[in-house]
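Note that the working numbering numbers the sequence shown so that position 120 is 120, with each residue one more than the last.
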Amino acid sequence: MNWDDMRLFLGLARNGRVAIAAKGLKVDPTTLIRRVKKLEDSLNCKLFELTKKGYVLTTHGSELVTYIEKAEHYFLEAQNELGDERSHLAGTIRVSVSEGFGSWFLAPLLPDFKKQYPGISIELVATSGFLNLNKREADMAILLEKPSKGLLVTQKLTDYNLYLYTHQSLISDYKPRALKDLTTFNLVSYVPDLVYAPQLKFIEETALSQLSALRSTSINAQYQMLVNGAGVGILPKFMAEKQPGLVRLIENEIHIKRTFWLATHKETHSQARFQAFTQWLMENVARNQASFIDK
1 MNWDDMRLFL GLARNGRVAI AAKGLKVDPT TLIRRVKKLE DSLNCKLFEL
51 TKKGYVLTTH GSELVTYIEK AEHYFLEAQN ELGDERSHLA GTIRVSVSEG
101 FGSWFLAPLL PDFKKQYPGI SIELVATSGF LNLNKREADM AILLEKPSKG
151 LLVTQKLTDY NLYLYTHQSL ISDYKPRALK DLTTFNLVSY VPDLVYAPQL
201 KFIEETALSQ LSALRSTSIN AQYQMLVNGA GVGILPKFMA EKQPGLVRLI
251 ENEIHIKRTF WLATHKETHS QARFQAFTQW LMENVARNQA SFIDK
């Protein structure tokens with residue numbers, strides 16, 4: 001068996017789609033299929049079944065993944081120790097993160113990281129959803145839930161508060177004191193059936209669901225609606241209170257706490273560039289705790 005064939009096999013196993021896997025592996029799709037077929041011939045067994053959803057591992061294929069991932073771990077460990085990466089601090093880190101945290105907290109700080117570590121490139125994927133760490137779609141992820149599967153190193157990043165906010169112009173004459181006082185307000189919130197994480201289902205925890213709504217899958221779009229006087233909506237403190245304009249409402253009744261978790265691949269966690277980014281991130285979050293949660 002050829003290690004490069006196994007590397008290509010592993011890429012297809014983690015993705016399932018030939019075109020996407022080939023792009024990530026930097027090979028032609030035809031070459032990828034040919035090399036996987038070569039590996040199947042050398043092992044005298046079928047590793048994939050082609051379905052409408054793409055290439056799905058057979059039982060033999062799943063067994064081979066287990067063995068190759070063990071070998072991959074030692075290859076990466078050797079690369080880390082022998083490549084003198086700790087002296088060079090170079091390479092790329094792709095970070096998957098929620099749209100709000102990525103846009104409002106992490107992105108403004110990244111120029112500082114780049115000044116400290118000019119050789120490290122950061123790819124910030126801040127969207128409504130997360131890339132799959134176990135499929136190697138990202139190197140690190142800042143998640144809303146502690147992952148329970150995969151070979152990952154996970155640590156708590158920070159708790160954060162969410163409150164109900166509105167623009168100050170809407171309450172210049174009268175500030176609502178209870179949920180029953182909100183009947184004339186519109187609700188700004190997520191699209192219920194398109195919420196990508198259960199931790200974002202805030203409305204089910206409140207009596208706000210009866211209000212007429214303006215909805216978006218984007219937390220940034222919700223923020224823009226609220227600062228332009230659309231109504232009331234639940235936002236993280238680190239977003240809503242970054243700039244003046246929005247004010248808290250009924251915080252005695254609506255006071256939500258969530259947690260961000262930092263996850264990294266187990267076999268790359270100890271590599272220098274990931275350690276540098278993790279330490280930098282933890283220090284900045286600790287320095288800005290007041291923007292995340294009330295004491």
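Positions of the beta carbon are idealized from the N, C-alpha and C atoms, including for glycine.
Which of helix, strand or coil DSSP assigns to residue i
i, result
"Pro236", "strand"
"Arg86", "Caution applies to Arg86, whose pLDDT of 45 falls short of 50 and renders its modelled position unreliable; the value that the coordinates give is listed next. If DSSP states are grouped into helix, strand and coil, Arg86 belongs with the helices."
"Gly229", "coil"
"Tyr223", "helix"
"Ala178", "coil"
"Gln279", "helix"
Alpha-carbon spacing of residue i relative to residue j, whole angstroms
i, j, result
"Val56", "Glu267", "25 Å"
"Trp261", "Asn44", "43 Å"
"Gly24", "Asp294", "42 Å"
"Ser216", "Tyr163", "18 Å"
"Asn186", "Ala221", "15 Å"
Member of the options whose CA lies at the smallest distance from the CA of residue i
i, options, result
"His34", "Thr58, Met6, Arg14", "It is Arg, not His, that sits at residue 34 in the sequence shown. Ranking the options by Cα distance to Arg34, first place goes to Met6."
"Thr278", "Arg287, Asn288, Pro108, Thr264", "Thr264"
"Ala178", "Val232, Phe105, Asn132", "Val232"
"Ile122", "Met282, Thr66, Phe274, Val27", "Phe274"
"Gln271", "Ala290, Tyr223, Tyr74, Ile234", "Tyr74"
"Pro108", "Asp159, Gly54, Met239, Pro192", "Met239"
Assigned exposure category for residue i - 16 Cβ within 10 Å defines buried
i, result
"Asn228", "exposed"
"Leu50", "exposed"
"Leu151", "exposed"
"Gln360", "Not covered by the structure: residue 360. The range shown for the chain is 1 to 295."
"Ala19", "exposed"
"Tyr223", "buried"
"Trp3", "exposed"
Same chain, Cβ closer than 7 Å to residue i, five either side skipped, listed in chain order
i, result
"Phe130", "Ser96, Ala141, Leu143"
"Pro111", "none"
"Thr359", "Because the chain here runs from 1 to 295, residue 359 falls outside it and cannot be looked at."
Same chain only: Cβ atoms within 8 Å of residue i, ignoring 5 sequence neighbours per side
i, result
"Ile120", "Leu89, Ala90, Gly91, Thr92, Ile93, Phe113, Lys114, Arg273, Ala276, Phe277"
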